[in-house]
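Peer 1:
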Amino acid sequence: MLIGRLVKQANNAMNQEMNAFAQQYGLTGTQMSIIDFLTHFPGNSCDQHQIENEFGIKRSTTTVLLQRMAKKNLIECYPSPEDRRQKIVTLTAEGQKLSSDVSAYITQYEEKLKADFSEQDISKIRRFLSTMIEEK
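Note that the sequence shown covers residues 1 to 136 in UniProt numbering.
#1: Go through the UniProt domain "HTH marR-type" (1-134) residue by residue and report every complete run of the alpha helix (DSSP H) that reaches 4 residues or more, in order.
#2: When you compare each of N19, R59, F55, K58 to E109 by their alpha carbons, which one comes out closest?
#3: Distance check for T28 and residue 138, CA to CA, integer angstroms please.
#4: With 16 other CB atoms within 10 Å as the buried threshold, where does A115 fall?
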């Protein structure tokens, strides 16, 4: 089978599994991943551009995604004091409540993905996927 097709199928399988877990919280897998991503920053905050870069999504897509999360009271968005064109995204208390379950699930899922591979295999997979992403 073609490598590109296998990568696409793997991505679809991961999305389905993440979405199934996220559904119990009324979230999508991507929204859940953003909650987890925000927990790795001081104050559970970062700018919108960092989210766009981390997840490889367009500004317009990110804006809609963040608006939906704000409606669910999971995040707040406000203009950056340094550059008012840029938005700062911060987890709310509600988002922080979910963050421990979300982070625990993502950590467990990551371990499941790596379970059948050696550290050397994992390193090769990371290098392969990173190269694919960089060459887009």
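Glycine residues also receive a C-beta, built at the ideal position from the N, C-alpha and C atoms.
Peer 2: Looking at the coordinates:
#1: 3-23, 29-38, 48-55, 59-71, 93-114, 119-134
#2: For the purposes of this step, residue 109 is taken as residue 109 along the sequence shown, with counting starting at 1. It is worth fixing the name first, because residue 109 is Tyr in this sequence and not Glu. Measuring from the Cα of Y109, the nearest candidate turns out to be N19.
#3: Because the chain in this structure spans residues 1 to 136, residue 138 falls outside the shown range and cannot be described.
#4: Position 115 of the sequence shown, counting from 1, holds the residue named residue 115. When all chains shown are included, A115 counts as exposed.
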